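Take UniProt numbering: the final residue in the sequence shown is number 417, and no numbers are missing along the way.
One structure is given here, and the rest of the page talks about it.
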Amino acid sequence: PADFEALDYYAIDELLTDEARQIRDEVRDFMTAEVAPIIEEHAENETFPDQLIPEFARLGLLGPKVPTEYGGGGHDSIVYGLMMQEVERIDSGLRSFCSVTGSLVMYPIWKYGSEEQKQKWLPKLAAGEAIGCFGLTEPYVGSNPSDMRTTATKDGDSYIIDGHKRWSTNASIADVAVIWAKTEDGATRGFLIETDREGVSTPPIDDTLSLRAAVTSEVVLDEVRVPASNILPDVSGLKGPLSCLNQARYGICWGAIGAAMACYDVARQHVTTREQFGRKIGGFQLVQERMVEMVQEITKAQLLNWRLGSLMSAGNVRPQQVSLAKRNNCSTALDVARSARQLLGGNGVTKMYPVMRHMANLESVVTYEGTHEIHTLIVGRDVTGENAFT
Ligand code: TGC
Ligand code: FAD
28 PADFEALDYY
38 AIDELLTDEA
48 RQIRDEVRDF
58 MTAEVAPIIE
68 EHAENETFPD
78 QLIPEFARLG
88 LLGPKVPTEY
98 GGGGHDSIVY
108 GLMMQEVERI
118 DSGLRSFCSV
128 TGSLVMYPIW
138 KYGSEEQKQK
148 WLPKLAAGEA
158 IGCFGLTEPY
168 VGSNPSDMRT
178 TATKDGDSYI
188 IDGHKRWSTN
198 ASIADVAVIW
208 AKTEDGATRG
218 FLIETDREGV
228 STPPIDDTLS
238 LRAAVTSEVV
248 LDEVRVPASN
258 ILPDVSGLKG
268 PLSCLNQARY
278 GICWGAIGAA
288 MACYDVARQH
298 VTTREQFGRK
308 IGGFQLVQER
318 MVEMVQEITK
328 AQLLNWRLGS
338 LMSAGNVRPQ
348 QVSLAKRNNC
358 STALDVARSA
368 RQLLGGNGVT
378 KMYPVMRHMA
388 NLESVVTYEG
398 THEIHTLIVG
408 RDVTGENAFT
């Protein structure tokens, strides 16, 4: 990918500010020079490249939208999206680390936390000196978080948290977990749980064939006592975790297209050099059809991202609009990865190219943060007024 050329068929660059382009290019150059050469080995060995955390902090990838007074970047949504695009262009697992930090840990602390919680955690998280994770999903509860079993029982000035979270990105390396639990009145509340508290364990899930360069874990909460001051005071109900998901899903919309742009570009380089039957394979009509399909779908998704980012920056976006883009862009990225893989022929299934790794990663991306089907039902309910979830 050293000679990566970013697909920009409709000159979307012209819609970006100079500052946004400059930040995008800085992240792009870093990811190409420092991360692309090491990522395959980390994925193979199932190791998270934690030496990159200070560099990610320096580039402003941890909490890009959080105000600067708390150590964040204070950027708009377009800049945040471009950053996620460039990180996921190299690997979805690294974008996962950034999404979880910025959108699922820093965002709820900033939006719903007390001033003391913000001062305690946000600057450290932005600097990469503390790591966070987010626990909504449970072994028996994924698409329908309203059924969650984890409980928080008030006991004097404390809460006792009891339950089990599964599929928590970063958890084994986290200092703090944002855990969603039901209180005795049935309300969903968020708790900041330091992972060194008695009763917390975070066994890694180490048999995944996807996002292998990221850390994914369980969070077991065995009657964990936390002070009542660890509750996020300013939100109650499912809209707490779901509003965080809007932010993370938005980043995924851009990130997935970063992965698609990487796969497309590998295919472009291959079909313009590989020869069969005495000519470049890019000269065959069937190959051109694949290439055009990729250009068309990536371009549509890029325009969707830009418009969604403009709406979000203006504070005008509806969650259903995020869902439509998450649904479209993840399935587009998977289709592009599969098509690029085919154009590479036999070598496409090897580690010579990043395409199979992207494809395997995207199988998680299409599933987490709401599956393809769940986003279909969210938009379906929006346009018909009928609830088809149950
Ligand atoms: P529903 O009745 O629709 O809503 C309950 C309350 O929540 C509000 N709400 C939202 N608020 C903000 N943003 C959203 N996206 C919201 N969606 C709903 C809603 O207004 C209501 O508020 P109020 O005040 O009226 O009470 O809830 P429901 O139980 O019918 O559920 C809806 C459903 C199924 C769409 C939702 O549960 C859902 O999205 N399920 C998917 C679960 C999911 O996405 N899990 C992701 C876990 S985290 C993760 O995967 C991290 S991956 C790591 C990485 O990012 O890299
Ligand atoms: P299920 O909800 O059991 O769904 C199984 C299948 O049934 C899916 O195809 C789904 O679309 C379908 N389905 C379910 N309900 C319906 C319906 N009503 N109509 C039609 N089809 C339906 N969660 C966190 O909380 N924090 C994290 O950091 C996190 N990181 C993750 C990292 C990875 C690598 C992965 C794979 C997952 C992660 N998740 C995380 C969990 C993720 O959000 C869930 O896997 C996802 O929400 C789906 O839940 P589930 O796996 O329980 O599948």
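For each residue, glycine too, the CB sits at the ideal point set by N, CA and C.
Given the structure is predicted, the values throughout are model-derived calculations rather than measurements.
Secondary structure within the region 121 to 194: the alpha helix (DSSP H) runs of 4 or more consecutive residues, fully enclosed, are 134 to 139 and 142 to 153 (chain order).
In the displayed model, residue 196 falls within a strand according to three-state DSSP.
In this structure, the straight-line span from the alpha carbon of residue 396 to that of residue 103 is close to 21 Å. When DSSP states are grouped into helix, strand and coil, residue 209 belongs to the strand group. Comparing alpha-carbon positions, the option among 130, 278, 177 and 300 lying closest to residue 208 turns out to be 177. If you ignore the 5 residues before and after residue 354, its C-beta comes within less than 8 Å of the C-beta of 399, 402, 403 and 406, all in its own chain and listed in chain order.
Listed as beta-bridge partners of residue 258 by DSSP are 218. Remark: C-beta atoms of residue 187 and residue 218 do not approach each other more closely than 8 Å. Between residue 382 and residue 375, the beta carbon gap of about 6 Å places them in contact (Cβ cut-off 8 Å). Closest in C-alpha terms to residue 132, from the list 357, 264, 334 and 220, comes 220. Closest in alpha carbon position to residue 229, among 391, 191 and 212, is 191.
The closest heavy atom of ligand 1 lies 7 Å or more from the beta carbon of residue 388.
When DSSP states are grouped into helix, strand and coil, residue 292 belongs to the helix group. Listed by position in the chain, the residues whose beta carbon lies within less than 5 Å of some heavy atom of ligand 2 are 161, 163, 164, 169, 170, 194, 195, 196, 238, 243, 391, 395, 398, 400 and 416. Contact between the region 289 to 301 and the region 189 to 204 is not established, with fewer than three Cβ pairs separated by less than 8 Å. If you draw a straight line from the Cα of residue 251 to the Cα of residue 77, it is about 28 Å long. At a cut-off of 7 Å, the beta-carbon of residue 199 does not count as near ligand 1: no heavy atom of the ligand is closer than that. By the neighbour-count definition (other C-beta atoms within 10 Å, threshold 16), residue 118 is a buried residue.
With respect to residue 84, residue 154 sits close: the two C-beta atoms are nearer than 8 Å. Here the C-alpha atom of residue 315 lies approximately 42 Å from the C-alpha atom of residue 244. The three-state reading of DSSP puts residue 265 in coil, since its state is none of H, G, I, E or B. Collapsing the DSSP output to three states places residue 249 in a strand.
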